[in-house]
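Chemist: Submitted below is the structure of interest, expressed as structure tokens.
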């Protein structure tokens with residue numbers, strides 16, 4: 033089991049450029065989450081999907097951010113145009129609900145993408 | 005809305021000493037609570053979780069946590085710290101399957 037895979041691991045770009053972050057969840061997991069981690073705000077949930085459908089995007093900061101999940105094995109988080117304040121570590125996580133009910137399942141995190149916008 | 009508060013952004017202990025990382029939660033329903041660990045430049049890894057089966061939960065690497073409803077706490081402990089325990093630790097509560105994280109506690113272990 034390869035775990036959650038994210039690419040790229042590091043991204044340096046200039047303000048105004050488009051940035052695309054990629055995630056491959058663990059095979060068989062129905063839920064996929066995107067988080068952002070900064071010193072100031074800690075870990076924030078941006079959006080999550082269930083069976084490729086966005087369920088809650090209330091954490092997406094603004095219209096410059098968009099996320100898609102075209103199939104069960106791939107998701108993207110896009111920032112267009114990027115700004116210096118978007119600099120952060122972006123994590124993808126996936127989970128598979130157990131038989132005991134929603135909310136108890138473990139989320140498995142990828143290694144993150146460290147984004148620096150100059 | 006549910007939330008967690010971690011007391012102390014930095015904790016420093018000596019190798020072999022007791023580790024105690026504090027977490028208090030706020031929830032209107034019986035909570036599901038988690039502790040995750042993040043090593044430098046890595047993603048988060050589950051240490052343990054409370055899902056109402058038992059109030060004392062044992063996790064990986066010798067860590068355990070006790071759910072205390074009367075104190076709305078879920079503190080993380082380890083009897084004897086090891087250098088390899090140096091990392092950042094996050095307490096989280098599940099809200100409908102979404103994880104709400106605390107601000108994290110950075111644990112330093114001195115030789």
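Chains as they are written, first to last, in my numbering: chain A, 33 to 150; chain B, 5 to 115.
Don't be surprised by glycine CBs; every beta carbon is placed ideally from N, CA and C.
1. With the cut-off set at 9 Å, would you say residue 4 of chain B and residue 76 of chain B are in Cβ contact?
2. What's the C-alpha gap between residue 86 of chain A and residue 34 of chain B?
3. Is there contact between the segment 82-94 of chain B and the segment 11-25 of chain B, where contact requires at least three CB pairs shorter than 8 Å?
4. May I ask whether a heavy atom of the ligand NAD can be found less than 8 Å away from the beta carbon of residue 63 of chain A?
5. Starting from residue 49 of chain B, trace the beta strand (DSSP E) both ways and give me its first and last residue.
6. Pick out whichever of A:103, A:117, A:99, A:143 has its Cα sitting closest to the Cα of residue 110 of chain A.
7. List, from N- to C-terminal side, the beta strand (DSSP E) runs of 3 residues or more that fit wholly inside the segment 31-88 of chain B.
8. Grouping DSSP H, G and I as helix and E and B as strand, with all else coil, what is residue 134 of chain A?
9. Over what stretch of residues does the beta strand (DSSP E) that includes residue 42 of chain A continue unbroken?
10. So if DSSP puts residue 120 of chain A in a beta bridge, which residue, or which two residues, is it bridged to?
11. When you compare the CB positions of residue 89 of chain A and residue 75 of chain A, do they come within less than 9 Å of one another, or not?
12. Give the DSSP-derived three-state secondary structure of residue 57 of chain A in the structure shown.
13. DSSP three-state call for residue 72 of chain A: helix, strand or coil?
14. In whole angstroms, what is the alpha-carbon distance linking residue 5 of chain B and residue 123 of chain A?
15. My understanding is that residue 126 of chain A touches residue 61 of chain A, with C-beta atoms under 8 Å, so please give their C-beta distance in whole angstroms.
Modeler: Straight from the coordinates:
1. As displayed, chain B neither begins before 5 nor continues past 115, which places residue 4 of chain B out of reach and without an answer.
2. 26 Å
3. yes
4. Inclusion of the ligand NAD in the displayed structure is not the case, the ligand content being empty and no account of it being possible.
5. 48-54
6. A:99
7. 37-42, 48-54, 60-62, 68-72, 77-82
8. coil
9. 42-45
10. A:147
11. no
12. coil
13. coil
14. 23 Å
15. 4 Å
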